[in-house]
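What follows is one structure encoded as structure tokens, with my remarks underneath.
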Amino acid sequence: MMGSSAMVGMVLFPWMGFLINGLGYWFFQSSSHQKKWSSAVAGSIGTLCMLFSCVLAWNFFFQFLGLPAEARVLEYAGFSWISLGKLQVDLGLRLDSLSSLFVCVITLVGSLIHLYSIGYMKEDPTPGKFFAYLNLFCFFMLILVLGDSFPVVFLGWEGVGLCSYLLIGYWYQDQAKAQAGKKAFLVNRIGDFGFLLGVFLVFTTFGSLAFEPLKHAVLNAVGVERSIQWICGLLFVGCMGKSAQIPLYIWLPDAMAGPTPVSALIHAATMVTSGIYLVTRLNFLFTLAPWVLHTMAWVGAFTAFFAASIALCQRDIKKVLAYSTVSQLGYMFLGCGVGAFGAGVFHVITHAFFKALLFLGAGSVIHGMHEEQDLFKMGGLRKEMPHTFLMVALGWLAICGIPPFSGFFSKDEILGHAFHGSWGLWALGVITAAMTAFYMTRFFYLAFLGRSRHASVHVHESGWNMLMPLQVLGFFSVFAGFLGIPHASWLEHWLEPILGLSIHEPNGMEWPLMFISVLAAVLGMTWSFSKYRRFDPCEAQAFPRLAHFLEHQGYVNEGLHTLFVVALQRVSFFAWSVLDIKWIDGFVLGVSSLATQLGGLFRLLQTGVVQHYLLMVLMGLLMSTGYWMYVQG
Amino acid sequence: MIVESWILLSFCALIFCVGLLGVLLRRNLLVILMSIELMLNAINLTFVSFSYQLQDIHGQVCVFFVIALAASESAVGLALVIAWFRTMKTTDTYAMQYLRESP
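Quick note, the sequences are listed as chains A and B, same order.
Offset between the first sequence (1-based) and our numbering: plus 135.
Offset between the second sequence (1-based) and our numbering: plus 20.
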């Protein structure tokens with residue numbers, strides 16, 4: 136039986152990797168010694184640390200499996216972190232059935248991606264820095280999901296944001312990439328502001344920031360309905376930022392500027408799902424705020440639909456996957472919004488596997504084609520990269536929702552719950568599913584099938600350390616769905632200590648709904664196949680206006696640019712040219728020039744001739760004498 | 021012979037004004053020093069005449085102080101003038117505008 140110290144060790148292994156890699160990079164950063172801290176050295180350290188962490192995580196998981204439901208909790212009391220009057224915060228960790236799932240996924244996908252990065256970052260000049268950041272990210276992500284109170288979660292929340300920023304702008308010499316990092320950080324700031332306000336409100340309302348006391352406080356509190364609505368609303372704003380929902384999703388597509396393993400780990404599998412984690416963790420709070428849940432469901436559904444529509448026309452292989460991620464995150468919020476938190480978590484898990492797989496596959500393609508990201512310049516890679524092709528095919532089938540691949544089960548469960556929530560939500564979800572099938576088939580076809588459109592490049596298959604992670608993820612993409620088979624869902628049973636008993640009444644609608652969503656997926660795929668079988672990049676689009684609109688990502692960036700950036704620039708220009716230069720500077724400089732001119736006037740008296748001064752003395756004497764004699768006397 | 025005091029005082033005032041105008045208008049340092057002596061002596065004469073008129077010895081005591089002061093003043097003043105003349109070869113006050121604000 137492993138105790139809480141092993142749990143702390145699990146968290147600290149990535150931290151150790153960060154320290155070793157960071158110090159190693161720091162010591163060997165001079166150009167003459169750079170080779171000593173090569174990708175193989177740095178990557179092996181990073182991967183080993185993650186692997187230890189992963190082994191511990193899965194050990195805990197299997198240990199929990201053997202325990203009764205209420206005993207599946209492991210707490211580490213930690214130490215007193217903040218102690219200010221009423222505010223007492225302990226730096227405590229808590230592993231329960233929900234966080235153990237997340238920890239397993241994070242450490243598993245994390246280790247695989249570390250392994251993959253060894254190959255991917257082989258030619259990078261500073262791999263020590265890269266692996267240090269990646270390890271640091273995993274550390275903060277573990278803190279986020281293991282924290283037992285708001286401040287600890289917030290620590291992880293901000294930490295992963297920081298690492299995301301550092302890794303998006305990893306190739307910071309490229310101006311556009313540095314800008315993308317900044318954008319991600321700033322947009323996340325807006326969300327974090329909402330999160331913080333929510334936390335403050337929790338403290339003023341309930342007086343406690345730890346989750347377990349909060350749970351009891353919520354159950355016993357009276358007359359706090361309005362506060363709960365506000366708390367949930369504000370926390371949802373935080374989740375919108377981190378998990379890329381409309382209107383704060385704009386940073387995620389730009390985040391693809393980072394190295395592809397980063398996109399896979401941070402911007403697809405783990406960090407962006409922390410919003411869903413938080414909502415699920417606080418389900419006892421959110422279920423008391425039905426309005427927020429309704430908003431969440433609609434925001435999620437609309438995000439899913441909108442992002443999928445943009446993904447239809449993207450040319451950049453990573454942009455397609457980025458919008459697909461936004462869309463899938465929308466699905467997860469749709470699930471949480473209709474009260475099916477378990478389904479949301481289920482989709483988080485399956486999505487982590489198949490989206491990481493797709494991203495790593497795309498990375499393998501990009502690596503093999505020497506940094507080519509344009510889908511229109513690929514094609515026919517099936518022959519050159521047979522292993523990547525096979526694995527991406529599994530991911531493709533999973534995300535399209537073809538039974539029995541994992542995406543089918545999780546998506547179908549969300550759609551099933553959405554149908555009970557609202558008819559419109561379900562319809563939007565099914566249309567999105569068809570669109571997902573369409574654009575993923577387009578992605579798959581343009582990259583791997585058809586004829587080759589890349590005459591000049593020498594394409595090569597990736598090495599074993601890049602293919603092995605793909606194969607493991609491929610395995611999970613196929614089989615992870617069996618965690619949540621309808622009516623016999625292991626996952627729902629597992630999450631009962633967190634979410635309470637789920638009441639399922641079979642109402643005979645499951646099979647028709649399932650049939651419709653599979654039909655939608657198959658239709659999308661077929662249409663896409665028929666459309667791209669004779670693909671010619673020069674050919675005119677069927678709906679040129681719409682295609683143009685979607686290819687430019689809905690002009691959202693341009694719109695926001697006009698709405699905020701340009702407006703801010705105008706206001707700043709006005710403040711500078713009129714308020715500052717004309718008014719403030721005018722006043723200040725006016726006072727000084729008045730003094731100068733008066734001085735110039737008095738300067739005329741200073742002739743330097745002794746007699747003039749004497750004359751003045753005399754006049755002064757006469758005047759004061761006269762004053763004394765005639766006025767006073 | 022009794023001199024009318026108004027005549028005496030008017031004479032003193034006249035000499036004082038001559039001294040004052042000399043200080044203000046003449047450009048030669050030596051003449052300026054002499055004019056200052058003139059003013060001081062006009063004051064001395066005024067003291068003496070008032071002392072006589074009011075039959076008060078204090079006025080004459082004051083004169084002694086003024087004479088001592090005038091002697092020391094002219095000693096210092098003449099020394100300064102000589103030093104100035106040695107370096108600048110002139111005693112013209114209009115040539116000594118070194119503290120003037122440059123135009």
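Even glycine gets a Cβ: it sits at the ideal position worked out from N, Cα and C.
Fair warning: this is a prediction, and the values are worked out from it, not measured in the lab.
- One Cα belongs to Phe-441 of chain A, the other to Lys-453 of chain A, and the distance between them is close to 17 Å.
- Under a criterion of Cβ atoms nearer than 8 Å, the residues of chain B adjacent to Leu-749 of chain A are, in order, Val-43, Leu-44.
- In the displayed model, Ala-212 of chain A falls within coil according to three-state DSSP, outside both helix and strand.
- Taking all protein chains in view, the Cβ of Asn-355 of chain A is surrounded by fewer than 16 other Cβ atoms within 10 Å, so the residue is classified as exposed.
- In the DSSP assignment, Ala-424 of chain A forms no beta bridge with any residue.
- By the Cβ neighbour-count rule, Val-23 of chain B is exposed, with fewer than 16 other Cβ atoms within 10 Å of its own.
- Arg-120 of chain B reaches chain A at Gln-741, Thr-742, Gly-743, Val-744, counting residues in chain order whose Cβ is nearer than 8 Å.
- Not one beta carbon of chain A lies nearer than 8 Å to the beta carbon of Thr-66 of chain B.
- Contact between the region 72 to 83 of chain B and the region 33 to 46 of chain B is not established, with fewer than three Cβ pairs separated by less than 8 Å.
- Two segments are said to touch when three or more pairs of C-beta atoms, one from each, lie closer than 8 Å; by this definition the region 535 to 555 of chain A touches the region 468 to 483 of chain A.
- Straight through space, the alpha carbons of Ile-56 of chain B and Phe-31 of chain B are spaced by roughly 17 Å.
- In this structure, the straight-line span from the alpha carbon of Phe-346 of chain A to that of Arg-450 of chain A is close to 44 Å.
- Using a C-beta cut-off of 8 Å, the region 645 to 655 of chain A makes no contact with the region 207 to 226 of chain A, since fewer than three inter-stretch Cβ pairs fall below that distance.
- Secondary structure of Ser-165 of chain A (DSSP, three-state): coil.
- Sequence-distant Cβ neighbours of Phe-199 of chain A in its own chain, meaning closer than 7 Å and more than five residues away, are Arg-207, Ser-232, Ser-235.
- Proximity of chain A to Gln-117 of chain B at the Cβ level (cut-off 8 Å) is accounted for by Thr-742, Gly-743, Val-744, in chain order.
- Chain A places no beta carbon closer than 8 Å to that of Thr-107 of chain B, leaving this residue out of the contacts.
- The C-beta of Tyr-72 of chain B comes no closer than 8 Å to any C-beta of chain A.
- In the DSSP annotation of this structure, the continuous segment of the alpha helix (DSSP H) that includes Arg-705 of chain A starts and ends at 702 to 709.
- Going by C-alpha positions, Gly-333 of chain A is about 19 Å away from Val-407 of chain A.
- Among the CB atoms of chain A, one or more fall inside 8 Å of the CB of Thr-113 of chain B.
- Bounds of any beta strand (DSSP E) do not take in Gln-117 of chain B, whose DSSP letter is neither H nor E.
- Scanning its chain for C-beta atoms nearer than 7 Å, with the 5 sequence neighbours on each side dropped, one finds around Val-51 of chain B the residues Gly-42, in chain order.
- When rounded, the separation of the alpha-carbon atoms in Ala-568 of chain A and Val-653 of chain A is 9 Å.
- Distance from the Cα of Thr-576 of chain A is smallest, within the candidate group A:Ser-707, A:Trp-662, A:Val-238, for A:Trp-662.
- The region 312 to 331 of chain A makes contact with the region 375 to 385 of chain A; the number of CB pairs closer than 8 Å reaches 3 or more.
- Ranked by how close their Cα comes to the Cα of Val-434 of chain A, the residues A:Trp-292, A:Ser-252, A:Gly-725, A:Leu-464 have A:Leu-464 in first place.
- In the DSSP annotation of this structure, Gln-746 of chain A is not part of any beta strand (DSSP E); the continuous alpha helix (DSSP H) holding it starts and ends at 745 to 761.
- The continuous beta strand (DSSP E) containing Arg-229 of chain A extends over residues 228 to 230.
- Apart from sequence neighbours up to five positions away, the residues of its chain that approach Gly-79 of chain B with a beta-carbon distance below 6 Å are Phe-67, Phe-70, Ser-71, ordered along the chain.
- In this structure the region 690 to 699 of chain A does not touch the region 603 to 622 of chain A; the number of beta carbon pairs closer than 8 Å is below three.
- Residue pairing for Val-224 of chain A: DSSP places it in a beta bridge opposite A:Ile-217.
- Check the Cα spacing between Ile-501 of chain A and each of A:Gly-472, A:Leu-563, A:Phe-583, A:Phe-488: the tightest is with A:Phe-583.
- In terms of CA proximity to Phe-489 of chain A, A:Thr-460 leads the group A:Met-513, A:Thr-460, A:Gly-296, A:Gly-470.
- Between Gln-308 of chain A and Gly-342 of chain A, the alpha-carbon positions lie close to 47 Å from each other.
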